[in-house]
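Take the sequence shown: its position 403, counting from 1, is numbered 404 in our numbering, and each next residue is one higher.
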Amino acid sequence: MSNSIPSYDAIIVGSGVGGLATAIYLAEQAKANNTNIAILVLSKKLLDTTNSNWAQGGIASVASNEDSFESHVQDTLDAGANQNDPYIVQKVIHAAPMAMQDLIDWGMELDKNQDGSFDLVKEGGHRFSRIWHKADATGQSLQRVLMQKIKQFPAITCIENTTVIQVVQTAAKSFYLETIDREASYHFDANQNDSFLKQYHCKQLVLATGGLGMVYEKTTNQSVATGDGLFLAGQLNASFKDLSYIQFHPTGLFEANSATTFLITEALRGAGAVLRNEKGIDFMQQYDPRGALAPRDIVSRAIMNEIKKASIEYIFLDATTLPSKTIHDHFPNIVAACKHKLGIDISKDWIPVVPVEHYSCGGIEVDEIGAVKGVVNLYAIGELANTGLHGANRLASNSLLEGLVFAKWAAGALYLSLNSAAPNEIMNQVEAYLFAPVRCRKLDRKLLQTCMTNYAGIEKTTLGLTTGLDMLQKALDQAVYLESWMITDWENQVLYEVGIRIFKDALEQHSNKGVYFNLDYV
Ligand code: SIN
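Following this line, the structure appears as structure tokens:
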């Protein structure tokens, strides 16, 4: 029996903005040049089970006369505590209008004013209104247009419910991926059922798996966001930078027992909503002259301070001063979610909110087109990459933008290198690779999440970091191997590895900047 497996020019792991936009830009170039190409997009769950799909705020791009590239650059550097790469900041921000034009050409729905101009709003850290959006569900509008667009390209195949569990790079610098069906309950015994395991081969690999929010107790991320791309990049010996720069969003909806947290967009504060403590005091001016629209790290720390001072679990976001029409027209999803989840009417009631994990600002080290440093033919696009754009704290609505522009740059490079490959490298089937069977340990996800929240949260101490690191390392060392495992067990291993990397990185930071805040350095 032949043991051949499908081979693609490029495999893209992840179907959020970074993944789908890379596939589209690559397929577009191939089509324009009449080049045959085979692209595979692997999605862990459904194509739209992505953090991008849940993004509320929007996409930052300078468009008004009062605004300028310089001020968007300056706002990005200020938010990032000047830890950003200024060259990358310039490059991305100047490329933003082109990315918006692409989206408009592809048919993305965006809110407009009555005069037909695009409705641009403000979020924390932005001095001017430059956030392009579709009400409070911009991510859905973006995901929808990308999913429609990929259908135009026969070169793109998408496979859902598929998790990549291991990857190797060959001497010829191509890749073998081993994947498992999401529904698999896998048994490594004499009767092992291999139908859940599948292999793929590719010449170029793009990791676009998004965030790592599930390492924390509370996150705005979707449950699939377990840092898989970081784990796979680790298998390929990629290097990582500033993994401890974890951004907490100031306003996650407070719900006592919920695995993931519903986000209350910063655009609500942009429209005038204020933060109040348990006494009803609008406290943000005491912390920063920009009030509730100060950068996220400052607002999150201020909220935690109020929470600690009063021994409470949450504070409030008050949107009741906004005209009811503004609330219902611009924030329909938030109105509906607050009604559905808590039974409150946000035009009359204050919204209970708490800071929650939102975004990983650090990640896999990539160059100025998204190519992973030190690993040939590997790219990382989106949240899992450290491009240098965000520095120590991402400016609101810069992340969808980053995903789009790096997707375009990476696709350009991918196309060129595929096109220059010798004809005998073009292949549709190759022999399977002999992967060692994956083994998983019995690990407690709750323990990890509590440990990360307590010791690698908004405020850290050096003692807390060493305690947390020891705790995770010990739990990992003492865990027994399972005879059979499920995807969640594999994910737990990944999450522990990611958590350990975050602690190690945090211990290597020696001063406070942006989201990195260690009480010992105050
Ligand atoms: C938000 O809508 O507040 C989130 C936007 C972002 O994270 O950039």
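Glycine residues also receive a C-beta, built at the ideal position from the N, C-alpha and C atoms.
When the five nearest sequence neighbours on each side are left out, the beta carbons in the same chain lying within less than 6 Å of the beta carbon of Lys443 are those of Ala480, Val481 and Leu483, in order along the chain. A straight-line Cα-Cα distance of about 15 Å links Asn306 and Gly281. Taking the Cβ of Ala397 as the reference point, at least one heavy atom of ligand 1 falls within a distance shorter than 7 Å. Taking the C-beta atoms as reference points, Leu470 is found no nearer than 8 Å to Tyr497. Apart from sequence neighbours up to five positions away, the residues of its chain that approach Ser5 with a beta-carbon distance below 8 Å are Gln430, Val431, Glu432 and Ala433, ordered along the chain. Here DSSP, grouped into helix, strand and coil, assigns Asn278 to coil. Counting every other CB atom within 10 Å of its CB across the protein chains shown gives Asn35 a total below 16, marking it as exposed.
Per the C-alpha coordinates, the member of Gly375, Ala257 and Ala156 positioned closest to Val42 is Ala156.
Taken from the Cβ of Leu385, every heavy atom of ligand 1 lies 7 Å or farther away. For Pro353, the secondary structure class from DSSP, reduced to helix, strand or coil, is strand. In this structure, the beta-carbon distance from His95 to Arg131 does not fall below 8 Å. Spanning the alpha carbons of Ala381 and Ala311 requires a straight line of approximately 43 Å.
A heavy atom of ligand 1 is found nearer than 7 Å to the CB of Leu264.
In the structure shown, the three-state DSSP call for Ile501 is helix. Here Ala33 carries a helix assignment [DSSP, helix/strand/coil].
Contact holds between the segment 231 to 247 and the segment 509 to 520, because three or more Cβ pairs, one in each stretch, are under 8 Å apart. Boundaries of the beta strand (DSSP E) around Tyr177: Phe176 to Asp182. Membership of His73 in the alpha helix (DSSP H) is indicated by the continuous run Phe70 to Ala80. C-alpha of Ala293 to C-alpha of Pro333: approximately 21 Å in a straight line.
Each residue's CA atom was taken as its position, placing Ala274 and Tyr187 some 49 Å apart.
When Ala24, Ser8, Tyr9 and Pro7 are compared, the shortest CA-CA separation from Gly15 is found for Ala24. Note on geometry: alpha-carbon atoms of Asp112 and Lys135 lie some 5 Å from one another. CA-to-CA, the gap between Ala320 and Ile328 works out to about 8 Å.
Contact between the segment 337 to 344 and the segment 370 to 387 is absent, with fewer than three C-beta pairs closer than 8 Å.
Here the alpha carbon of Tyr9 sits roughly 12 Å from the alpha carbon of Gln200. In the same chain as Thr163, and ignoring 5 residues on each side of it, the C-beta atoms closer than 8 Å to its own belong to Leu43, Ser44, Lys45, Thr180, Ile181, Asp182, Arg183 and Lys199, in chain order.
Under the DSSP definition of a beta bridge, Ser361 partners with Ile247.
Note that the segment 249 to 256 does not touch the segment 224 to 239; fewer than 3 beta-carbon pairs, one per stretch, sit closer than 8 Å. Beta-bridge annotation (DSSP): Thr158 is paired with Leu41. Annotation: the segment 422 to 477 contains the following complete segments of the alpha helix (DSSP H) (minimum length 4 residues), in chain order: 446 to 456. Here Thr51 really is in contact with Gly211; their C-beta atoms are around 6 Å apart, less than 8 Å. Three or more Cβ pairs closer than 8 Å define a contact, and the segment 76 to 90 falls short of that threshold against the segment 138 to 146. With contacts defined by Cβ atoms closer than 8 Å, Trp107 and Lys150 form a contacting pair. In terms of side-chain proximity, the C-beta atom of Ser400 is found nearer than 7 Å to a non-hydrogen atom of ligand 1. Judged by the Cβ position, Ala268 qualifies as a neighbour of ligand 1 at the 7 Å threshold, a heavy atom of the ligand being closer than this. Here the C-alpha atom of Gly458 lies approximately 25 Å from the C-alpha atom of Asp86.
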